[in-house]
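Enquirer: Following this message is one structure expressed as structure tokens.
In the numbering used here, the protein residues as written are 5 to 281.
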């Protein structure tokens, strides 16, 4: 898993989706966020795969998956998750979802009827309003940002992803995160998905969190600068009987700052649901 090659492909509405699987046992699915890729799970999947058959994939428009000139946030992603669950022939998987992956998981469950055995949300996009200062500027001037010189675009990418972690990424890891967003196709795709962030998609499900039909655990990086801790507390309030755990010394990308905390929390969560897990 060191190179994190996703060798399998699934066609979703004519677009190629890269995915992989590891381990045996009950099904689990990990869903990454934006602007990252399934690579964020590289240090977590091997441990979870000792207990589950773990599926991972790059969202439409991200990583090794196709990057169409189309809406690749919210509506597309919950439809993709539902389609993949059917393709993999899995029933009631354990879901672990981060950032916009959390939005996809919530929407697939509440709007598409995908049933989960459990749902773990890590700093998800779930409470509006959403979007940093950079996001708002990019939404207001998408043409300006997509037309930036390549070196300026790369500098912004490095700063943006760097702000998601408390501890500086190794160059090889930073490079892996920014690589899909470089070149003409990657640069256009990056600013396109930024411009597509819209509170209307959160509004479609925010009032329905009380209808979630499975146990929910919420993890939050204590120093998250992308989505504040107060949003995590509000989400936990809106989901009856959910657990809420704050991860110290971690920002938004907890997978990099504290991967061991995610592994421990997931195994504990699953174990409490079924001691035999």
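Using N, Cα and C, we set each Cβ at its ideal position, and we do this for glycine too.
Mapping the DSSP letters down to three states, classify residue 259 as helix, strand or coil.
Expert: Assignment of residue 259 by DSSP, reduced to helix, strand and coil, places it in the helix class.
Enquirer: Under the rule that 16 or more other beta-carbon atoms within 10 Å means buried, what is residue 12, buried or exposed?
Expert: exposed
Enquirer: Starting from residue 246, follow the beta strand (DSSP E) in both directions and report where the run begins and ends.
Expert: Under the DSSP assignment, residue 246 falls outside any beta strand (DSSP E); it carries neither an H nor an E label.
Enquirer: Could you name the residues that DSSP lists as bridge partners for residue 53?
Expert: Looking at the DSSP assignment, residue 53 forms no beta bridge with any residue, so it has no partner.
Enquirer: Going along the chain, which residues of its own chain have a beta-carbon closer than 7 angstroms to the beta-carbon of residue 130, five neighbours each way excluded?
Expert: 106, 107, 110, 206 and 239
Enquirer: Rounded to the nearest angstrom, what separates residue 177 and residue 114 at their Cα positions?
Expert: 34 angstroms
Enquirer: Given this structure, state the Cα-to-Cα distance separating residue 250 from residue 226, to the nearest angstrom.
Expert: 6 angstroms
Enquirer: Does residue 191 pass the burial test, meaning 16 or more other C-beta atoms within 10 Å, or should it be called exposed?
Expert: buried
Enquirer: So, with DSSP's three-state summary, where would you put residue 201?
Expert: Of the three classes helix, strand and coil, the one that applies to residue 201 here is coil, per DSSP.
Enquirer: Taking the straight line between their C-alpha atoms, what separation do you get for residue 88 and residue 151?
Expert: 34 angstroms
Enquirer: Please identify the residue among 271, 264, 244 and 80 whose C-alpha is closest to the C-alpha of residue 253.
Expert: 264
Enquirer: Can you tell me which of 170, 268 and 156 puts its alpha carbon nearest to the alpha carbon of residue 187?
Expert: 156
Enquirer: May I ask you to report which of helix, strand or coil DSSP gives residue 216?
Expert: coil
Enquirer: Compare the C-alpha of residue 121 against each of 257, 33, 71 and 146 and name the closest.
Expert: 33
Enquirer: By the three-class DSSP mapping on this structure, what secondary structure does residue 155 have?
Expert: helix
Enquirer: If we count the other Cβ atoms within 10 Å of its Cβ and call it buried at 16 or more, is residue 140 buried or exposed?
Expert: By the 16-neighbour rule on beta-carbons within 10 angstroms, residue 140 is exposed.
Enquirer: Helix, strand or coil for residue 73? Go by DSSP, reduced to three states.
Expert: The answer is coil: DSSP assigns residue 73 none of H, G, I, E or B.
Enquirer: Do you know offhand how far residue 173's Cα is from residue 51's?
Expert: The alpha-carbon atoms of residue 173 and residue 51 are separated by roughly 21 angstroms.
Enquirer: Going by C-alpha distance, which of 243, 29 and 101 is nearest residue 217?
Expert: 243
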